[in-house]
Amino acid sequence: MPDTNDAVKDDEWTASPEARKAAARAFPWSDEMRAKILAGHLDSCDEVRAFSRFEKKIRLSMRLSMQAEIEKLDAVLTAAFGSRYRE
Numbered sequence: 018m019p020d021t022n023d024a025v026k027d028d029e030w031t032a033s034p035e036a037r038k039a040a041a042r043a044f045p046w047s048d049e050m051r052a053k054i055l056a057g058h059l060d061s062c063d064e065v066r067a068f069s070r071f072e073k074k075i076r077l078s079m080r081l082s083m084q085a086e087i088e089k090l091d092a093v094l095t096a097a098f099g100s101r102y103r104e
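Residue numbers (this note's numbering): 18 to 104.
What follows is the structure, given as C-alpha cells:
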C-alpha cells in the first residue's frame, strides 16, 4: 500500500462504527490511538494495517461464535422436531 494520505483515506472507512468500537475496547491501544479508531481517523498506513488485522480477527471470532450458536439451535430443533424441522 503506498504511503499517501489518499491511500489512508480510502482504507480508513472500511471498518463499520461497531467494529471500530469493538476494536477500541478490546485491544490495549494507547488513548490517542483509541480516539483515532473511534473517530475513524487513522493517520498512517501502519495504523490502518494494524487496525485492519485486528478487525479481521474480530470478524472471524464473531463468525465462529455465531456458527456455534446456530449449531446448538439446530441440535435443539432436530431433537424436538426430528427431520420435519428441516423440511
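We put the CB at the ideal spot given by N, CA and C, even for glycine.
All of these numbers come straight from a predicted model, not from anything done at the bench.
Integer Cβ distance of residue 55 from residue 38, believed to fall under 8 Å
Yes, residue 55 and residue 38 are in contact; Cβ-Cβ is about 7 Å, under 8 Å.
Taking only runs of the alpha helix (DSSP H) that begin and end inside the segment 49-73, which ones reach a length of at least 4 residues, in chain order?
The segment 49-73 contains no whole alpha helix (DSSP H) run of 4 or more residues.
Determine the burial state of residue 40: buried for a count of at least 16 other Cβ atoms within 10 Å of its Cβ, exposed for fewer.
So residue 40 counts as buried.
Per-residue DSSP class, three states only, for residue 78:
Of the three classes helix, strand and coil, the one that applies to residue 78 here is helix, per DSSP.
Taking 8 Å as the limit between beta carbons, can you name the residues of its chain near residue 36, skipping five residues before and five after?
Its chain contains 72, 75, 76 as the residues whose beta carbon lies nearer than 8 Å to that of residue 36, once the 5 sequence neighbours on both sides are disregarded; these appear in chain order.
Residue 65 classed as buried or exposed, judged by whether at least 16 other C-beta atoms fall within 10 angstroms
By the 10 Å Cβ count, residue 65 comes out buried.
Given this structure, state the Cα-to-Cα distance separating residue 86 from residue 92, to the nearest angstrom.
Taking the straight line joining both Cα atoms gives about 10 Å.
If residue 53 sits next to residue 60, beta carbons under 8 Å apart, how far is it from one beta carbon to the other, in whole angstroms?
So it is a contact: roughly 7 Å between Cβ atoms.
Using a Cβ-Cβ cutoff of less than 7 Å, which residues in the same chain neighbour residue 68 once the five nearest sequence positions on both sides are dropped?
Here the set comprises 32, 40, 54, 59.
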